[in-house]
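Student: To convert, note that position 194 of the sequence shown is 197 in the numbering used here; the numbers rise steadily by one, no gaps.
Quick reminder that beta carbons are idealized off the backbone N, C-alpha and C, glycines included.
What you are looking at is a predicted structure, and each value in this text was computed from that prediction instead of being measured.
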Amino acid sequence: MKKRDKFYITILFILPILFVLCVSTYSIYGSKLDWLAQHVSLADYFRQTKQLLPDRFENLQGQTNAFSFSYYGLLRPDVLVSYLFPSIPIHFFIIGYATFLWSSTGGLCYCWLRNKGYKDSISFFSSICCICANCFFQSHQQIMFIEILPFLFLSFILIDKNKRQWISLCICMALFHNYFYTPGMILILLLYDYDQNHTIKDILIPILIGMGMATILWLPTGYLILMNHKSVVQTHILDLFIPSLNLKGLVYDSYGCGLTVISWIALFQGIQFEKTRKLSILLILMFVFPIFSYILNGTLYARTKILVLCLPLILMILAHWLQERKLNKGLLVLASLFLCTKTMFIGLLISLVFIGYYFMDKTHLIN
Numbered sequence: 004m005k006k007r008d009k010f011y012i013t014i015l016f017i018l019p020i021l022f023v024l025c026v027s028t029y030s031i032y033g034s035k036l037d038w039l040a041q042h043v044s045l046a047d048y049f050r051q052t053k054q055l056l057p058d059r060f061e062n063l064q065g066q067t068n069a070f071s072f073s074y075y076g077l078l079r080p081d082v083l084v085s086y087l088f089p090s091i092p093i094h095f096f097i098i099g100y101a102t103f104l105w106s107s108t109g110g111l112c113y114c115w116l117r118n119k120g121y122k123d124s125i126s127f128f129s130s131i132c133c134i135c136a137n138c139f140f141q142s143h144q145q146i147m148f149i150e151i152l153p154f155l156f157l158s159f160i161l162i163d164k165n166k167r168q169w170i171s172l173c174i175c176m177a178l179f180h181n182y183f184y185t186p187g188m189i190l191i192l193l194l195y196d197y198d199q200n201h202t203i204k205d206i207l208i209p210i211l212i213g214m215g216m217a218t219i220l221w222l223p224t225g226y227l228i229l230m231n232h233k234s235v236v237q238t239h240i241l242d243l244f245i246p247s248l249n250l251k252g253l254v255y256d257s258y259g260c261g262l263t264v265i266s267w268i269a270l271f272q273g274i275q276f277e278k279t280r281k282l283s284i285l286l287i288l289m290f291v292f293p294i295f296s297y298i299l300n301g302t303l304y305a306r307t308k309i310l311v312l313c314l315p316l317i318l319m320i321l322a323h324w325l326q327e328r329k330l331n332k333g334l335l336v337l338a339s340l341f342l343c344t345k346t347m348f349i350g351l352l353i354s355l356v357f358i359g360y361y362f363m364d365k366t367h368l369i370n
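#1: Looking at C-alpha atoms only, which residue of Thr307, Phe276, Cys313 and Gly259 is the closest neighbour of Arg328?
#2: In whole angstroms, what separates the C-alpha of Asn68 from that of Leu352?
#3: Ile12 to Phe348, Cα distance in whole Å?
#4: Using beta-carbon positions only, say whether Cys260 and Cys343 come within less than 8 Å of one another.
#5: Measuring only the C-alpha atoms, how far is Trp115 from Leu227?
#6: Of all the alpha helix (DSSP H) runs that stay within the bounds of the segment 270-301, which reach a length of 4 or more residues?
#7: What residue from Val311, Met147 and Met230 has the CA that sits closest to Ile82's CA?
#8: Kindly indicate which residue of Phe16, Leu241 and Cys132 has the alpha-carbon position closest to the one of Arg315.
#9: Is it the case that the segment 107-127 contacts the segment 281-290, given that we only count it when at least three CB pairs across the two stretches are under 8 Å?
#10: Whose CA, out of Phe292, Arg7, Pro80 and Ser107, lies closest to the CA of Asn181?
#11: Identify every residue that forms a DSSP beta bridge with Leu262.
#12: State whether the segment 140-154 contacts the segment 189-209, with contact taken as three or more CB pairs (one from each stretch) at a distance under 8 Å.
#13: Use the C-beta contact count for Val356: other C-beta atoms within 10 angstroms, 16 or more gives buried, fewer gives exposed.
#14: At which residues does the alpha helix (DSSP H) containing Gln141 begin and terminate?
#15: Determine, for Pro153, whether the minimum Cβ-Cβ distance to residues of chain C falls below 8 Å.
#16: Which residue from Pro246, Lys345, Leu207 and Tyr195 puts its Cα closest to that of Ile317?
#17: Can you give the beta carbon distance from Ile206 to Ile162, rounded, assuming they're within the 8 Å contact cut?
#18: Does the segment 300-313 come within contact of the segment 91-109, defined as at least 3 CB pairs closer than 8 Å?
#19: Mind checking whether Phe179 and Leu220 have CB atoms under 8 Å apart?
#20: When DSSP labels each residue in this structure, what does Gln145 get in the three-state scheme?
#21: When you compare only the Cα positions, how much space is there between Leu111 and Arg117?
#22: In this structure, how does DSSP classify Ile20 when only helix, strand and coil are distinguished?
#23: Helix, strand or coil: how does DSSP classify Ser354 here?
#24: Which whole-angstrom value describes the C-beta separation of Leu270 and Ile210, a residue pair presumed to lie in contact below a C-beta threshold of 8 Å?
#25: Return the residue from the list Tyr32, Ile298, Met230 and Ser266 that minimises the CA-CA distance to Thr185.
#26: Terminal residues of the continuous alpha helix (DSSP H) containing Asp163?
#27: Do you know how far the Cα of Gly333 is from the Cα of Leu78?
#28: Quick one: what does DSSP say Gly76 is sitting in, helix, strand or coil?
#29: In angstroms with no decimal places, state the Cα-to-Cα distance between Tyr258 and Cys135.
#30: Following the continuous alpha helix (DSSP H) through Gln199, name the residue where it begins and the one where it ends.
#31: Quick one, are the C-beta atoms of His42 and Ile97 less than 8 Å apart?
Printed below as a string of structure tokens:
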């Protein structure tokens with residue numbers, strides 16, 4: 004690894020830590036609602052029981068089954084490690100671990116893009132877009148929302164290096180962190196492997212092994228969910244095929260990827276390259292038609308939060324476009340037609356300044 008690569012990875016690792024330290028100067032890095040009232044309080048109660056897998060929690064909701072609260076960190080590494088240090092407040096473990104995974108995401112994104120042959124400066128820019136994405140707002144609110152991302156990036160690296168046998172550990176860890184999002188992660192892995200290598204058969208066994216390794220958590224939890232199934236808001240199938248043009252799953256909103264307008268433009272620009280054309284079109288459709296969110300959410304609902312799993316694929320297309328340094332004006336205009344809100348229009352103007360500067364010395368490549 005070159006010195007510049009080490010420097011970039013160090014910067015990417017330190018930036019989230021500095022951000023958390025700045026925010027935590029006068030208060031705890033965590034919201035008072037989901038984070039403090041649920042994730043911290045319940046994880047602390049797990050520790051107080053002094054049992055790794057208790058049959059039930061006697062003081063919660065009339066001696067409820069322990070797996071009713073497995074979503075809040077019953078077997079997550081930071082909670083388990085906190086068992087060894089009962090005198091240290093548990094929120095230090097949760098904050099530290101969430102920050103570590105956030106920092107790791109940036110470093111893994113950079114390593115993944117560099118391994119794919121993209122320039123160090125382009126990989127660094129794309130990785131900065133990654134760690135600055137609005138979705139990481141959830142690291143102090145609904146922490147499981149984005150803690151699955153490092154294992155997704157690591158799985159992509161293992162696929163590219165043809166070391167798929169280690170993907171089992173990534174799937175297992177993903178299930179321990181967020182078993183609701185792991186099925187969507189598996190679908191994204193299958194999509195990536197097929198897009199890059201035109202096959203999925205070599206990844207199926209490692210995925211099944213990873214699921215088997217995490218059976219201790221998801222099997223009793225899944226059984227409990229089925230036994231106490233609650234109906235969610237009814238979804239009308241026809242509504243899922245009505246295009247949504249607000250792009251909440253992609254730009255600015257914290258309950259989605261939370262990227263900027265440049266990512267939407269990059270998806271359209273990716274259409275001009277044979278290597279990224281099919282994937283670009285598919286991702287555009289995923290952010291426009293709710294049916295894809297519905298499928299990734301296991302047909303429970305069509306919330307766009309699940310589309311955060313598409314974050315690595317978007318960044319790959321962005322890096323490919325910047326590396327090829329080729330601008331299609333027709334596709335640029337087409338992408339702009341979707342940016343109808345005030346915020347997205349301002350983002351478009353800023354993006355055009357960046358695009359103009361980046362491509363100004365390559366005018367012979369502009370179509």
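Tutor: The answer reads as follows:
#1: Phe276
#2: 53 Å
#3: So the two alpha carbons sit approximately 32 Å from each other.
#4: No, Cβ-Cβ distance for Cys260 and Cys343 is not below 8 Å.
#5: 38 Å
#6: At a cut-off of 4 residues, the continuous stretches assigned as alpha helix (DSSP H) that sit fully inside the segment 270-301 are 280-291 and 293-299.
#7: Per the sequence shown, the amino acid found at residue 82 is Val instead of Ile. Residue Met147 is the option with its Cα nearest to Val82.
#8: Here residue 315 turns out to be Pro, not Arg, going by the sequence shown. Comparing Cα positions, the closest option is Cys132.
#9: no
#10: Pro80
#11: Val254
#12: no
#13: exposed
#14: From DSSP, Gln141 is part of no alpha helix (DSSP H); its letter is neither H nor E.
#15: You won't find chain C in this structure, because it holds only one protein chain.
#16: Measuring from the Cα of Ile317, the nearest candidate turns out to be Tyr195.
#17: 7 Å
#18: no
#19: yes
#20: coil
#21: 10 Å
#22: Looking at Ile20 - three-state DSSP - the assignment turns out to be helix.
#23: helix
#24: That pair is no contact at about 27 Å.
#25: Ile298
#26: For Asp163, the uninterrupted alpha helix (DSSP H) segment begins and ends at Leu152 to Asp163.
#27: Distance from the CA atom of Leu78 to the CA atom of Gly333, rounded to whole angstroms, is 51 Å.
#28: coil
#29: 14 Å
#30: Annotation: the continuous alpha helix (DSSP H) that includes Gln199 extends over Thr185 to Asn200.
#31: yes
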